[in-house]
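For the sequence shown, the tail end lands on 344 under the UniProt record's numbering, and the numbers increase by one without skipping. Where is the CB? At the ideal position from N, CA and C, for every residue including glycine. On a predicted model such as this, the values are computed, not experimentally measured, just so you know.
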Amino acid sequence: MIAFLKEVGRGKRGARDLSYEEALQAADEIISQRATPAQIGAFFMAERIKMESVEELQAFVEMLRKAAYRPEALPEGIDCAGPYDGRKKAFFASFACSFVLAAAEVPVTLHGTPSLPPKWGVTLHDMLHAIGIRPEELPRESLLHTARRTRVLYVPAEEWCPPLKELRPIREQLGMRTVLNTAEKLIDYGSSPYLAFGVYHNTVFDRLARLLTKLNYRKSIIIQGSEGSEDLFIDRPTRTYVVEQGNATLHVVSPEAWGLDTPVPEKDWTVAAQVEATQAVLKGEADMGLINQVVLNAAYRLHHTGRVDSVEEGLYTCKALLESRRAWEVYEEWSSMLSSAVKA
């Protein structure tokens with residue numbers, strides 16, 4: 001490990017990227033914790049300064065995938081990969097969106113953990129606790145059975161990929177973004193051919209497009225969404241990169257093009273507020289800005305997965321699923337099944 005630290009930790013001008021083979025070795029040392037806590041922290045900080053290369057990111061993703069439980073034979077769907085450090089200023093549209101997609105017969109994989117640095121925001125994990133679901137205490141088969149029935153899989157990432165739990169203390173002590181903030185979102189627990197991946201800065205579009213090509217997704221969309229999430233904005237255009245067959249194309253998604261641009265209410269997005277807004281959207285009783293944001297995101301993902309021929313068709317489909325309360329029925333069944341599940 002010391003040899004790798006000497007290469008990545010020479011400072012901004014002297015540091016070099018590790019080769020793919022070297023990065024695999026470094027990732028293995030860290031994920032297995034054969035490296036010491038001091039070495040792991042030093043590596044994370046050096047990579048943060050240098051910026052991770054595509055090969056280094058790929059190595060960490062593949063080593064985490066190797067360490068994770070990734071069930072086989074799940075229906076093909078979309079993985080919604082948002083930041084594990086949560087949200088403070090933005091509505092968690094992706095959660096409500098997942099039940100709209102499931103109602104449209106598109107399987108969805110969600111995943112997360114209790115909040116992490118640097119943001120320490122509200123996470124999906126926090127929201128599940130608020131509605132009486134403790135996913136970290138549920139057996140895998142309960143989560144999978146619920147997913148097969150409702151088409152929504154939630155993965156408690158630290159339980160299904162134990163190194164993430166083991167490395168949490170170091171990440172909390174550092175208090176900053178590390179290579180794991182990207183890699184953990186790409187473990188792909190459901191072996192999904194489609195991906196919606198959130199980023200904060202558009203400067204990483206090209207690098208992540210090359211990474212996703214190496215990871216062999218059928219079609220990915222990188223979204224510069226609210227708070228670095230995979231959620232398209234509803235009050236302004238969103239920059240996205242669509243990656244398919246090795247090609248990456250910039251698309252700017254403008255809600256105004258479909259008459260959906262709506263102001264979003266400013267509020268303190270606590271756990272309780274996120275849960276209340278999610279349920280109100282699925283019942284059709286929320287602020288129109290929140291409803292429109294969920295409809296736009298669901299329609300875009302429906303088109304992304306090839307289930308509709310256009311975003312316009314997706315909008316009609318998703319509006320109907322909300323108005324008929326079919327999405328709410330899926331949510332009720334999903335939450336009821338997980339609330340009543342007991343760890344064996």
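Fill in: Alpha-carbon spacing of Pro118 relative to Gln279, whole angstroms
Approximately 28 Å between the Cα atoms of the pair.
Discussion item. For Ile221, list the residues DSSP reports as bridge partners.
Written reply: Looking at the DSSP assignment, Ile221 forms a beta bridge with Ala196, Val242.
Worksheet item: Could you give the residue range of the alpha helix (DSSP H) that holds Ile133?
Response: Secondary structure note for Ile133: it is in no alpha helix (DSSP H), with a DSSP letter that is neither H nor E.
Worksheet entry | Which listed residue (Pro163, Val122, Leu24) has its alpha carbon closest to that of Val275 | Comparing alpha-carbon positions, the option among Pro163, Val122, Leu24 lying closest to Val275 turns out to be Val122.
Worksheet item: What separation, rounded to the nearest whole angstrom, lies between the Cα atoms of Ala344 and Glu266?
Response: Note that Ala344 scores a pLDDT of 47, beneath 50, so its modelled location is shaky; the value from the coordinates is reported in the next line. Answer to the nearest angstrom: the Cα atoms are 43 Å apart.
Worksheet item: Between Thr213 and Trp334, which are expected to be in contact by the criterion C-beta below 8 Å, what is the C-beta distance as a whole number of angstroms?
Response: At roughly 33 Å, the Cβ-Cβ gap does not stay under 8 Å, so Thr213 and Trp334 are not in contact.
Worksheet item: Which residue's Cα is closest to the Cα of Leu24: Phe60, Thr36, Ala35, Gln39?
Response: When C-alpha distances from Leu24 are compared across Phe60, Thr36, Ala35, Gln39, the shortest belongs to Phe60.
Item to complete: To the nearest angstrom, report how far apart Leu174 and Ala320 are at their CA atoms.
Response: Those two C-alpha atoms are separated by around 46 Å.
Item to complete: Drop a sphere of 10 angstroms on the beta-carbon of Phe4, count the other beta-carbons inside from all chains shown, and report buried for 16 or more, exposed for fewer.
Response: Counting Cβ neighbours within 10 Å, Phe4 comes out buried, since at least 16 surround it.
Discussion item. For Ala299 and Gly284, which I take to be in contact (beta-carbon distance under 8 Å), what is that distance rounded to the nearest angstrom?
Written reply: Rounded, the Cβ-Cβ distance is 16 Å, inconsistent with contact.
Practice prompt. Can you tell me which of the three DSSP states Cys97 falls into?
Written response: Looking at Cys97 - three-state DSSP - the assignment turns out to be helix.
Discussion item. I need the boundaries of the alpha helix (DSSP H) containing Pro37, first residue and last residue.
Written reply: That run of the alpha helix (DSSP H) goes 37 to 50.
Discussion item. If distances are taken between C-alpha atoms only, which option among Arg171, Glu172, Met127, Ile78 comes closest to Val108?
Written reply: It is Ile78.
Worksheet item: Does DSSP classify Cys161 as helix, strand or coil?
Response: In the structure shown, Cys161 sits in coil (DSSP, three-state: anything other than H, G, I, E or B).
Item to complete: Could you tell me whether the stretch 157 to 166 touches the stretch 61 to 68, using the rule of 3 or more Cβ pairs below 8 Å?
Response: Short answer: they touch.
Discussion item. I'd like to check one pair, Ile234 with Pro255: are the Cβ atoms closer than 9 Å?
Written reply: Yes, the Cβ-Cβ distance between Pro255 and Ile234 is below 9 Å.
Worksheet item: Grouping DSSP H, G and I as helix and E and B as strand, with all else coil, what is Gly314?
Response: Note: Gly314 maps to helix in three-state DSSP.
Fill in: Contact belief for Ser303 with Tyr189 at Cβ below 8 Å, rounded distance in angstroms
Strictly speaking, residue 303 in this sequence is His, with Ser absent from that position. Between Tyr189 and His303 the Cβ distance is about 24 Å, and since that is not below 8 Å, they are no contact.
Worksheet item: Can Val242 and Lys219 be called in contact, C-beta distance under 9 Å?
Response: Yes, Cβ-Cβ distance for Val242 and Lys219 is below 9 Å.
Discussion item. I'd like to check one pair, Glu29 with Met1: are the Cβ atoms closer than 9 Å?
Written reply: Yes.
Discussion item. Tell me the rounded alpha-carbon separation between Glu105 and Met45.
Written reply: If you take the alpha carbons of Glu105 and Met45, they lie about 43 Å apart.
Item to complete: With DSSP as the reference, label Asn216 as helix, strand or coil.
Response: Asn216 falls in the coil class under three-state DSSP.
Worksheet entry | Reduced DSSP secondary structure (H/G/I, E/B, other) of Asp28 | In this structure, Asp28 counts as helix in the three-state DSSP scheme.
Discussion item. I'd like the list of long-range same chain contacts for Gly9, defined as Cβ closer than 7 Å, with 5 residues on each side in sequence excluded.
Written reply: By the criterion of a C-beta distance shorter than 7 Å, Gly9 is surrounded in its chain by Ala15, Ala42, Ala46, once the five residues flanking it on both sides are discounted.
Fill in: Thr178 - partner residues in DSSP beta bridges
Thr178 pairs with nothing; no bridge assigned.
Worksheet item: Helix, strand or coil: which one does DSSP assign to Pro156?
Response: In the structure shown, Pro156 sits in a strand (DSSP, three-state: E or B).
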